[in-house]
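When the letters of the sequence shown are read in order and numbered with numbering that gives the first Met the number 0, they come out as residues 0 to 246. Structure record follows, encoded as C-alpha cells.
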Amino acid sequence: MPEQSGALSRLERTLRTHAAQLWASRAQAEREAGVRLHRLAERLRHVGATDEVIELTLAAARDEERHAELCDELCARSGGRHGERAASVPEELAPAGLRERERVLYDVVALACLQETLSATLLGAMVERATEPRARAVLAAIQRDEARHSRFGWLHLSRATGDESHDVIGMHLPFMLRRVLEESLLRPDATENAELAHLGALDARERERLCLATARRVVLTGLERHGVDTSAGERWLELRAALAARR
Ligand SMILES: [Fe+2]
Ligand SMILES: [Fe+2]
C-alpha cells in the first residue's frame with residue numbers, strides 16, 4: 000500500500016510540474032503579445048493612425064499584461080515559478096521591402112485581424128474543454144478580452160486608403176499565414192500536454208484544425224470584405240489543410 004501511495008504522489012507531482020509548465024508557457028505567450036502590442040501602438044502613432052485605433056491597441060496591450068499575471072497565479076498554485084520576463088520577440092512581422100505605412104498595416108493585420116482572432120478561437124475551445132473551476136474561469140476571462148482585440152486591426156484596415164495597401168496584404172498573405180501559424184500558434188512548444196485536458200489543453204491536431212478553419216472562415220472572409228484579394232491566402236490554406244489531412 001505505501002508503495003502504491005508513493006507512486007500516486009509521484010504521479011501527482013509530475014502532473015503538477017506539467018501544469019506549472021503549461022501556465023508558465025501561457026504567461027510567456029501573453030507577455031510576448033503585450034510587448035508586440037505596445038510596440039505596435041508606437042508605430043501606429045508614427046504613421047498617423049487615429050486616436051481610437053491607438054487607444055484600442057494600448058488597451059489590448061494592457062489586457063495581455065493582466066492575462067500574464069492571471070497565468071502566473073495559476074503557475075504558482077501548481078508550485079511553479081512565475082513573473083519571468085518576456086522573451087525578446089522580433090521587432091516586426093512584415094517582409095522586407097515594404098514602406099513604413101505598409102509595414103505597419105501588414106503587422107496590424109497579422110497581429111490583430113489574424114493572430115488575435117485565432118487566439119480567441121483557441122481559447123474558446125480551451126474554455127469548453129477545461130473542467131477545473133479556476134482554470135476555466137481564468138481562460139473564460141481571457142477569452143472575453145481576446146475576442147475584442149482584433150477590433151483595432153479591422154478599424155485601421157478600414158481607414159487605410161488606396162488599393163496599394165490592400166494589394167500589399169493580399170500579395171503577402173501566404174507569408175503572413177505561415178509566420179503567424181508556424182512561428183507562433185502552431186509552433187511545437189505551443190502544443191499542450193494531453194494529460195492536462197482539465198486545464199483546457201489542446202493538442203497539436205486540434206489547434207491546427209481550429210486555426211485553419213477560422214483563418215479561412217473568419218479572417219479571409221473579413222479581409223475580402225475590406226477589399227483585399229485573398230486568393231493567394233486561400234490557396235495556401237488549402238495546401239496546408241491537405242498536408243494536415245495526410246498526416
Ligand atoms: Fe491575452
Ligand atoms: Fe490579445
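Heads up, the beta-carbon is just placed ideally off N, CA and C, and yes, glycines get one too. None of these values were measured; they are calculated from a predicted model.
Confirm the yes/no value for this check: CB of residue i, any heavy atom of ligand 3, distance under 8 Å.
i, result
"histidine 197", "In the structure shown, ligand 3 is absent; the only ligands present are ligand 1 and ligand 2."
Looking only at its chain, what residues have a beta carbon closer than 7 Å to the beta carbon of residue i, apart from the 5 residues adjacent to it on each side?
i, result
"methionine 0", "Model confidence at methionine 0 stands at a pLDDT of 47, short of 50, so the residue's coordinates are unreliable; what they give is reported in the following sentence. Here the set comprises nothing."
"alanine 19", "Cys74, Ser77, Gly78, Gly79"
"leucine 247", "Residue 247 is absent from the structure shown; the chain starts at 0 and stops at 246."
Excluding the five sequence neighbours on either side, which residues of its own chain have a C-beta within less than 6 Å of the C-beta of residue i, listed in chain order?
i, result
"serine 67", "Reading the sequence as shown, one finds alanine at residue 67 and not serine. Ala26, Glu29, Arg30."
"glutamate 249", "The question about residue 249 has no answer, for the chain in this structure spans 0 to 246."
"alanine 231", "Leu172, Pro173"
"tryptophan 235", "Pro173, Leu176"
"alanine 146", "Ala119"
"arginine 246", "none"
"aspartate 144", "Asp62"
"arginine 100", "Val46"
Is residue i close to chain B, meaning its C-beta is less than 9 Å from at least one C-beta of that chain?
i, result
"arginine 98", "Structure shown: chain B not included; a single protein chain is present."
Would you grab the beta carbon distance between residue i and residue j for me? Rounded to a whole angstrom, and I think it's under 8 Å.
i, j, result
"leucine 104", "valine 179", "In fact, because the Cβ distance is near 15 Å, the residues do not count as touching under 8 Å."
"aspartate 71", "glutamate 91", "Not quite, the Cβ-Cβ distance comes to about 28 Å (not below 8 Å), so this is no contact."
"leucine 211", "leucine 121", "So it is not a contact: roughly 12 Å between Cβ atoms."
Do residue i and ligand 2 come close, with the Cβ less than 8 Å from some heavy atom?
i, result
"glutamate 115", "yes"
"alanine 26", "no"
"alanine 32", "yes"
"serine 118", "yes"
"glutamate 64", "no"
"alanine 140", "no"
"alanine 59", "yes"
If I follow the unbroken alpha helix (DSSP H) through residue i, where does it start and stop?
i, result
"aspartate 71", "50 to 76"
"alanine 134", "132 to 148"
"glycine 221", "220 to 224"
"arginine 208", "203 to 213"
"serine 183", "First-last for serine 183: undefined, no H or E at that position."
"glutamate 194", "Where glutamate 194 is concerned, there is no enclosing alpha helix (DSSP H), given that its DSSP letter is neither H nor E."
"glutamate 233", "230 to 245"
With distance defined between alpha-carbon atoms, name the residue in the options nearest to residue i.
i, options, result
"leucine 138", "Met175, Arg102, His197", "His197"
"leucine 172", "Met125, Val218, Glu145, His37", "Val218"
"proline 187", "Thr49, Leu36, Pro94, Arg204", "Arg204"
"methionine 170", "Asp202, Gly96, Ala111", "Gly96"
"leucine 117", "Arg12, Arg206, Arg15", "Arg206"
Can you tell me whether residue i sits near ligand 1, meaning its C-beta is under 8 Å from at least one heavy atom of the ligand?
i, result
"aspartate 144", "yes"
"glutamate 72", "no"
"glutamate 29", "yes"
For residue i, which residues in the same chain have their Cβ closer than 8 Å to its Cβ, ignoring the five residues on either side in sequence?
i, result
"leucine 154", "Thr49, Glu51, Val52, Leu55"
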